[in-house]
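Taken in order, the sequence shown gives residues 1 to 522; the numbers are from the working numbering.
Even for Gly, the Cβ is constructed at its ideal location relative to N, Cα and C.
Bear in mind that the values here come from a model prediction, so they are computed numbers and not experimental data.
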Amino acid sequence: MKKSLLVLLFGFFFTTSNGQADYVITNGRIVDGTGNGWYRADVAIQQNKIIGVGKGLATKYPAATIIDAKNKIVSPGFIDVHAHIEESVFKKPTAENYIYDGVTSVVTGNCGSGADDIAAFLKSIDSTKTSINVATLAGHNTIRRLGMGLENRKATADEMKKMEALMSKAMKDGAVGLSTGLIYLPGMYSPTEEIVALSKIAAASGGVYATHMRNEGNRVHEAIDEALTIGREAKIPVQISHFKVTGKNNWGRSTETLGMVEEARKQGFDVTIDQYPYTASSTNLAVRLPDWALEGGLDSLRVKMKDPSIRKKILDGMRASQKKDKQKDYSFAVVAWYGPDTTMSGKSITQINIEKGGRKNFLSEANLILDMLAKANAQMIYHTMNEKDLVYFMKYPFNMPAADAGISDGKGMPHPRGFGTNSRVLARYVREQKVIGLEEAIRRMTSLPATKFNLKDRGLIMEGKYADILIFDESTIQDKSVYENPHQYTVGMEYVFVNGKLVIKDGQHNGTRSGVALRNIQ
Numbered sequence: 001m002k003k004s005l006l007v008l009l010f011g012f013f014f015t016t017s018n019g020q021a022d023y024v025i026t027n028g029r030i031v032d033g034t035g036n037g038w039y040r041a042d043v044a045i046q047q048n049k050i051i052g053v054g055k056g057l058a059t060k061y062p063a064a065t066i067i068d069a070k071n072k073i074v075s076p077g078f079i080d081v082h083a084h085i086e087e088s089v090f091k092k093p094t095a096e097n098y099i100y101d102g103v104t105s106v107v108t109g110n111c112g113s114g115a116d117d118i119a120a121f122l123k124s125i126d127s128t129k130t131s132i133n134v135a136t137l138a139g140h141n142t143i144r145r146l147g148m149g150l151e152n153r154k155a156t157a158d159e160m161k162k163m164e165a166l167m168s169k170a171m172k173d174g175a176v177g178l179s180t181g182l183i184y185l186p187g188m189y190s191p192t193e194e195i196v197a198l199s200k201i202a203a204a205s206g207g208v209y210a211t212h213m214r215n216e217g218n219r220v221h222e223a224i225d226e227a228l229t230i231g232r233e234a235k236i237p238v239q240i241s242h243f244k245v246t247g248k249n250n251w252g253r254s255t256e257t258l259g260m261v262e263e264a265r266k267q268g269f270d271v272t273i274d275q276y277p278y279t280a281s282s283t284n285l286a287v288r289l290p291d292w293a294l295e296g297g298l299d300s301l302r303v304k305m306k307d308p309s310i311r312k313k314i315l316d317g318m319r320a321s322q323k324k325d326k327q328k329d330y331s332f333a334v335v336a337w338y339g340p341d342t343t344m345s346g347k348s349i350t351q352i353n354i355e356k357g358g359r360k361n362f363l364s365e366a367n368l369i370l371d372m373l374a375k376a377n378a379q380m381i382y383h384t385m386n387e388k389d390l391v392y393f394m395k396y397p398f399n400m401p402a403a404d405a406g407i408s409d410g411k412g413m414p415h416p417r418g419f420g421t422n423s424r425v426l427a428r429y430v431r432e433q434k435v436i437g438l439e440e441a442i443r444r445m446t447s448l449p450a451t452k453f454n455l456k457d458r459g460l461i462m463e464g465k466y467a468d469i470l471i472f473d474e475s476t477i478q479d480k481s482v483y484e485n486p487h488q489y490t491v492g493m494e495y496v497f498v499n500g501k502l503v504i505k506d507g508q509h510n511g512t513r514s515g516v517a518l519r520n521i522q
């Protein structure tokens, strides 16, 4: 309230430019990203920056293009801290699925999978010209692969030096931190001390440690403990990716797992989480296999499976995992995309098995998975979570919405989170269920991720900040993407500015590509 009065009374003091504004947004309700209540003010934009927030700016800048917000919400552009766009951004740089959902900046390179060469990647972002701003993490799996391949062992001293050099170069080249994907090759074989050593290098340059933990189900407590240990030993802020508890036998453990994060913060440790607002996850098909079977990659697996005794051992491992998760079959596992047979998209492993004449039992379904992997990996959707746990996590104030997605190419039956994560939070959990308030939700989508990932001058409606700005009606914004029909964009984003340029005007993407690479600069 105090801030609102200051803006109303002294609005002109928030303007410092003596030049002309390109745009002035009038008649809006400003939700500035701080978490404070909305207030009424104009916003003036010159080139790529906000040059004024206050009253009477249309009069102060008479030559500016006026955009009448018509009492709608004016907020900072949303920042998605968990993206996977390394390849897809160059195929579709207009990034419609993100832009229509209000996302103006992403942090990619998550789950341990980043670009091999950070400098070259960020340079390509700038030369390609994208509709969104792009920052990247250095991927641990990428660094380990470059340093020592896909082997299941500890790194030698020389290999460790090579990985440390790669990590150091990545930070100098602009990475915002280190990510791990500890259920994927080859990170699954890494000891904790290896990750600590690389995290120390990231910390020295002001980076963050973002982790897809080793386990989000039966051993989630141990996985969280490892993430916190890495943070403490490396003295680095921690971001736990797509925070969840999976498997029916783990439903209800949200109080335990989030309690660990809360206790760490009480002790003065900087740990935060992100979450997509859905009860299904999405990753590849190969994660259903035992870790040891994946050593050397899929080509090596295909050779191993030709040996009947090894194939049986893999199947035994898959059965043991299913029993721990209390899953009788693979009906929870739905194919999103499988190159060799696109007719599988949208169908569960159980359904595909029956259609192919297989017996209705675990062994037949598990063999189908191995037969599929013999040809190619598949992108999957796994329905393994509980709504009550999801809502419990969403109430946590240091939790950021994040889509965990790439840029849509229109193929297959991908997870809806790639189209409607932010709008689903605003529509379902703010407007309909009132789990959190509007201003709080926008804080988590803007200033919280900007601060966490050191994205300078982003995430706030404030003089001097970059003009990544949204105008939308909080009463009508709506996600449209659903599992059965995922390729549908969010509706309700009426205007989207990226670095002061209109990318969405009157609800339509106009093709503008004003995004830039966001580099960690110390």
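Between the region 186-198 and the region 158-169, can you find at least three pairs of beta-carbon atoms closer than 8 Å? yes
Quick check: M380 and A336, are their CB atoms within less than 7 Å of each other? yes
Suppose contacts are defined by Cβ-Cβ distances below 7 Å. Is M345 in contact with M413 by that definition? Per the sequence presented here, residue 345 reads as Ser, with Met not at that position. Yes; because the gap between Cβ atoms is below 7 Å, this pair is in contact.
Return the Cβ separation of K49 and I471 in integer angstroms, given the expectation that the two are a contact with Cβ distance under 8 Å. Wrong, their Cβ atoms sit about 18 Å apart, outside the cutoff.
What are the boundary residues of the alpha helix (DSSP H) that E226 is part of? V220 to A234
R458 versus A427 - alpha carbon distance: 24 Å
Using a Cβ distance threshold of 8 Å, determine whether the region 177-186 contacts the region 116-129, with at least three qualifying pairs required. no
Hey, K501 and S514 are a contact pair by Cβ (cut 8 Å); roughly how many whole angstroms apart? 4 Å
Please state whether DSSP places H140 in a helix, a strand or coil. helix
Measure the beta-carbon distance from H140 to T108 and round it to whole angstroms, keeping in mind my assumption that it falls under 8 Å. So it is not a contact: roughly 14 Å between Cβ atoms.
Express the C-alpha separation of L363 and L541 in angstroms, rounding to a whole number. Outside the shown range of the chain, which is 1 to 522, sits residue 541, and nothing can be said about it.
In terms of alpha-carbon separation, which member of L298, N250 and I66 lies closest to H221? N250
Just the C-alpha distance for D82 and A405, rounded to the nearest angstrom, thanks. Contrary to the premise, residue 82 reads as His rather than Asp in this sequence. Computed Cα separation, rounded: 7 Å.
Could you give the distance in angstroms between the alpha-carbon of Q488 and the alpha-carbon of G418? 10 Å
Going by the CB atoms, is the gap between V24 and A69 shorter than 7 Å? no
Sorted by chain position, which residues of the same chain lie with C-beta nearer than 7 Å to A264's C-beta, five sequence neighbours on each side aside? L228 and V271
Classify T255: buried if its beta carbon has 16 or more other beta carbons within 10 angstroms, exposed otherwise. exposed
Measure the CB-CB distance between V391 and T104 and report whether it falls below 7 Å. no
Assuming L298 and A286 make a contact with CB atoms under 8 Å, what is their CB distance in whole Å? 7 Å
Delimiting residues of the alpha helix (DSSP H) encompassing F362: F362 to K375
Any 3 or more C-beta pairs closer than 8 Å across the region 109-116 and the region 501-510: no
Do the region 302-316 and the region 366-380 meet, that is, are 3 or more Cβ pairs less than 8 Å apart? yes
Give, in chain order, every unbroken run of the alpha helix (DSSP H) that is at least 4 residues long and sits entirely within the region 13-60. 57-60
Measure the C-alpha to C-alpha separation of A155 and T343 and round it to an integer number of angstroms. 42 Å
Which of helix, strand or coil DSSP assigns to G317: helix
Return the chain-ordered list of same chain residues with a C-beta closer than 8 Å to the C-beta of Y429, the five sequence neighbours on each side being excluded. P277, V391, M394, V435, I436 and A441
If you count every other CB in all the chains shown that lies within 10 Å of the CB of Q20, and 16 or more means buried, which is it? exposed
Select from N27, A120, T26 and T34 the residue whose C-alpha is nearest the C-alpha of P397. T34
Which residue from R29, Q239 and P340 puts its Cα closest to that of A402? Q239
Looking only at its own chain, which residues have a Cβ that is under 7 Å from the Cβ of K235, when we skip the five neighbours before and after it? A203
Taking CB distances under 7 Å as the criterion, tell me whether V335 reaches chain C. Of the protein chains in the structure, only one exists, and it is not chain C.
Minimum C-alpha distance to V452 - residue among Q267, I461 and N399: It is Lys, not Val, that sits at residue 452 in the sequence shown. Nearest option by C-alpha distance: N399.
Could you check the C-alpha separation between R153 and T421 for me, to the nearest Å? 38 Å
So is M333 buried or exposed if we call it buried at 16+ other beta carbons inside 10 Å? Per the sequence presented here, residue 333 reads as Ala, with Met not at that position. Result: buried.
Limits of the alpha helix (DSSP H) - the one that N353 falls within: I349 to E355
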